[in-house]
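K.L.:
Quick note: the sequence shown uses the numbering used here, first residue 4, plus one each step.
To start, I am sharing the structure in question, which I have written as structure tokens.
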Amino acid sequence: MKGLASCGVAALSCGIARRAFAAADADFALREIADGVFAFQGVNELMHPENEGAICNLGVVVGADAVAVIDSGGSLVEAQAFIDAIAEVTAKPVRYLINTHVHPDHIFGNAAFQALGPEIVGHQNLPAALEARGEYYLRSYREQLGAKLMEGIKIVPPTLLVDDTLELDLGGRVLELKAWEAAHTDNDLTVLDPSSGTFFAGDLVFMGHLPTIDGSLLGWLRQMDALAAVDARRVVPGHGPISSEWPAALEPERRYFEALAADLRQAIKEGTPLAEAVKTAGRSEAPNWALFDDYNERNATAAYAELEWE
């Protein structure tokens, strides 16, 4: 990586962002995983002041004319460091900022990108999700991230919606976007770069970090085969290693969901109350995942209610 000179007139603000990010012992670095395709790997942690919200993976695709960014990060500090890093690898304009879904670790950096003037792209359900949850996120994450990191963060809705599929031309490089049915959320969007065989899956794919259900377990399972059929060589998951073989990377997640569903179906069949069932469902998978105890019971609670009525 080059230094901060590429920030030009924005050198002061870029420098502050880079120093603040580095102070968290998590220096921002983009890795080139294919020709003109870059990614940043977040840490498998909950969002907190020390990691400055940098827990999800972010992407950049550079075409002949313009750049597309996949997700903006979990704070303005991270987003500014991201913008600085993009400037170090290309001088081409950021034409698109693609939000893969509603969660704060993926969209809290949106405001930092507004000065660059990109079209903000999202699933057709994303505006409603932001409207329903945005104010709650802004309030609740003040405690989780702290008031200093939350300063300046605002909810920035998409300006271009995807209701099924959409192609974005970066100049000699066309990205294929797809809106999925309810799974991780009800507003999951993926990005495929056919020219490099790179699939930005957002949080439809977790690796290492336990998958989290904020949409539909059954919907996620129903779409596993369609996900696996995406014609790509490598995947950038929402969380986990930023360049992994595809579709093999999907199998640990599938295994976890199948184990969770099987345990819950058995509990429902035996009349085990929800409060007891969620303590043991999916427990065999605990050694395979980070943050298992933070999210598994929440997943099991959501899935129990869904499976009870299948």
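Using N, Cα and C, we set each Cβ at its ideal position, and we do this for glycine too.
#1: Helix, strand or coil for G218, going by three-state DSSP, please let me know.
#2: Are there any heavy atoms of the ligand SAM lying less than 8 Å away from the beta-carbon of E300, as far as the coordinates show?
#3: Measuring straight from C-alpha to C-alpha, what distance separates E170 and A182?
#4: Would you call L49 buried or exposed, if buried means 16 or more other Cβ atoms sit within 10 Å of its Cβ?
#5: If distances are taken between C-alpha atoms only, which option among N54, A69, T168 and L213 comes closest to E254?
#6: Run through DSSP, which three-state label would G66 get?
#7: Since V46 sits in a beta bridge, which residues does DSSP pair it with?
#8: Assuming contact is defined by CB atoms lying nearer than 9 Å, are V72 and V40 in contact in what I supplied?
#9: Three Cβ pairs or more, each shorter than 8 Å: is that satisfied between the stretch 86 to 103 and the stretch 116 to 128?
#10: Ignoring anything shorter than 4 residues, give me the alpha helix (DSSP H) runs that lie fully in the stretch 126 to 164, in order along the chain.
#11: With a threshold of 16 other CB atoms inside 10 Å of the CB of S143, please say whether the residue is buried or exposed.
#12: Taking G243 as the reference, which of R258, A284 and W292 has the closest Cα?
#13: Could you tell me the alpha carbon to alpha carbon distance between G218 and E122, rounded to whole angstroms?
#14: Mind the definition here: the stretch 236 to 252 touches the stretch 284 to 291 only if three or more C-beta pairs lie below 8 Å; say whether that holds.
#15: Under 8 Å by Cβ, that's how I've got A252 and V208 pegged, so tell me the actual separation to the nearest angstrom.
#16: Would you identify the three-state DSSP class for H187, choosing helix, strand or coil?
#17: Evaluate contact between the stretch 184 to 201 and the stretch 222 to 234, counting only Cβ atoms and requiring at least three cross-stretch pairs below 8 Å.
#18: Per DSSP, what are the beta-bridge partners of Y298 in this structure?
#19: Residues in the same chain with beta-carbon distance under 8 Å from A305, minus the five sequence neighbours each way, listed in chain order, please.
#20: Count the other CB atoms within 10 Å of the CB of G56; is the residue buried (16 or more) or exposed (fewer)?
#21: Count the CB pairs spanning the stretch 151 to 167 and the stretch 130 to 138 that are closer than 8 Å, and state whether there are at least three.
#22: How big is the Cα-Cα spacing for L294 and C59?
#23: Buried or exposed: D28, going by 16 or more other Cβ atoms within 10 Å of its Cβ?
#24: Secondary structure at K95, three-state DSSP: helix, strand or coil?
#25: Taking D206 and H187 to be in contact with their CB atoms under 8 Å, please state how far apart those CB atoms are, rounded to whole angstroms.
#26: Following the continuous alpha helix (DSSP H) through A37, name the residue where it begins and the one where it ends.
#27: Which residues in the same chain as G222 place their Cβ atom closer than 7 Å to its Cβ, once the five residues preceding and following it in sequence are excluded?
#28: Going by C-alpha to C-alpha distance, which of N299, D297 and R268 sits closest to W312?
#29: Quick one, which of L310, F116 and D191 has its alpha-carbon nearest G155's?
#30: With the cut-off set at 9 Å, would you say G211 and D68 are in Cβ contact?
#31: Tell me the DSSP bridge mates of D108?
#32: Does E261 come out as helix, strand or coil in the three-state DSSP assignment?
#33: Please state whether DSSP places L310 in a helix, a strand or coil.
P.N.:
Working from what's here:
#1: Counting from one through the sequence shown, the residue named residue 218 turns up at place 215. Three-state result, G218: coil.
#2: For the structure depicted, the ligand SAM is absent and the ligand set is empty, with no information on it obtainable.
#3: The count along the sequence shown starts at 1 and reaches residue 170 at position 167. The count along the sequence shown starts at 1 and reaches residue 182 at position 179. Their backbone Cα atoms lie some 12 Å apart in a straight line.
#4: Here residue 49 corresponds to residue number 46 of the sequence shown, with the count starting at 1. It is exposed - the Cβ of L49 has fewer than 16 other Cβ atoms within 10 Å.
#5: Here residue 254 corresponds to residue number 251 of the sequence shown, with the count starting at 1. It is L213 whose Cα lies nearest to the Cα of E254.
#6: Reading the sequence shown from its first residue, position 63 is the one you call residue 66. Of the three classes helix, strand and coil, the one that applies to G66 here is coil, per DSSP.
#7: In the sequence shown, residue 46 corresponds to position 43, counting from 1. According to DSSP, which records beta bridges pairwise, V46 is partnered with nothing at all.
#8: Your numbering for residue 72 matches position 69 in the sequence shown. Your numbering for residue 40 matches position 37 in the sequence shown. Not in contact: V72 and V40 (Cβ atoms no closer than 9 Å).
#9: Contact between the stretch 86 to 103 and the stretch 116 to 128 is established, with three or more Cβ pairs separated by less than 8 Å.
#10: Counting whole runs of 4 or more residues, the stretch 126 to 164 contains the alpha helix (DSSP H) stretches 129 to 148 and 150 to 153.
#11: To locate residue 143, count along the sequence shown from 1; it is residue 140. When all chains shown are included, S143 counts as exposed.
#12: Start at 1 with the first residue of the sequence shown, and residue 243 comes out as number 240. For G243, the closest of R258, A284 and W292 by C-alpha to C-alpha distance is W292.
#13: As a working mapping, residue 218 is identified with position 215 in the sequence shown. As a working mapping, residue 122 is identified with position 119 in the sequence shown. Straight through space, the alpha carbons of E122 and G218 are spaced by roughly 26 Å.
#14: Contact fails: fewer than three Cβ-Cβ distances are below 8 Å.
#15: By 1-based counting over the sequence shown, the position of residue 252 is 249. By 1-based counting over the sequence shown, the position of residue 208 is 205. Between V208 and A252 the Cβ distance is about 6 Å, and since that is below 8 Å, they are a contact.
#16: Working through the sequence shown from its first residue, we reach residue 187 at position 184. Coil at H187, not helix or strand.
#17: These segments touch.
#18: Residue 298 sits at position 295 when you count from the first residue of the sequence shown. Answer is none; Y298 lacks a bridge partner.
#19: Working through the sequence shown from its first residue, we reach residue 305 at position 302. In chain order, I216, D217 and L220 place their CB closer than 8 Å to the CB of A305, counting only its own chain and leaving out the 5 sequence neighbours on each side.
#20: The residue labelled residue 56 in the question sits at position 53 within the sequence shown. If you draw a 10 Å sphere on the C-beta of G56, you find 16 or more other C-beta atoms in it, and that means buried.
#21: Taking 8 Å as the limit for Cβ pairs, the verdict is that the stretch 130 to 138 does touch the stretch 151 to 167.
#22: Counted from its first residue, the sequence shown places residue 294 at position 291. Counted from its first residue, the sequence shown places residue 59 at position 56. Near 14 Å, if we compare the C-alpha coordinates of C59 and L294.
#23: Within the sequence shown, residue 28 is the residue found at index 25, counting from 1. Because D28 carries a pLDDT of 45, less than 50, the predicted location of this residue cannot be relied on, and no value is offered for it.
#24: Along the sequence shown, one-based indexing puts residue 95 at 92. It is coil, neither helix nor strand.
#25: On the sequence shown, residue 206 is found 203 positions in, with the first residue counted as 1. On the sequence shown, residue 187 is found 184 positions in, with the first residue counted as 1. Correct: roughly 4 Å between the Cβ atoms.
#26: By 1-based counting over the sequence shown, the position of residue 37 is 34. No alpha helix (DSSP H) contains A37, which is instead part of the beta strand (DSSP E) from R34 to A37.
#27: To locate residue 222, count along the sequence shown from 1; it is residue 219. Counting only Cβ-Cβ distances below 7 Å, and skipping sequence neighbours, we find E184, A185 and A186.
#28: Reading the sequence shown from its first residue, position 309 is the one you call residue 312. The residue with the shortest Cα to Cα distance from W312 is R268.
#29: The residue labelled residue 155 in the question sits at position 152 within the sequence shown. Looking at the Cα atoms, F116 is the closest of the given residues.
#30: Reading the sequence shown from its first residue, position 208 is the one you call residue 211. Reading the sequence shown from its first residue, position 65 is the one you call residue 68. Taking the C-beta atoms as reference points, D68 is found no nearer than 9 Å to G211.
#31: Working through the sequence shown from its first residue, we reach residue 108 at position 105. The bridge partners DSSP lists for D108 come to none.
#32: For the purposes of this step, residue 261 is taken as residue 258 along the sequence shown, with counting starting at 1. Helix at E261.
#33: By 1-based counting over the sequence shown, the position of residue 310 is 307. Reduced to three states, the DSSP call for L310 is helix.
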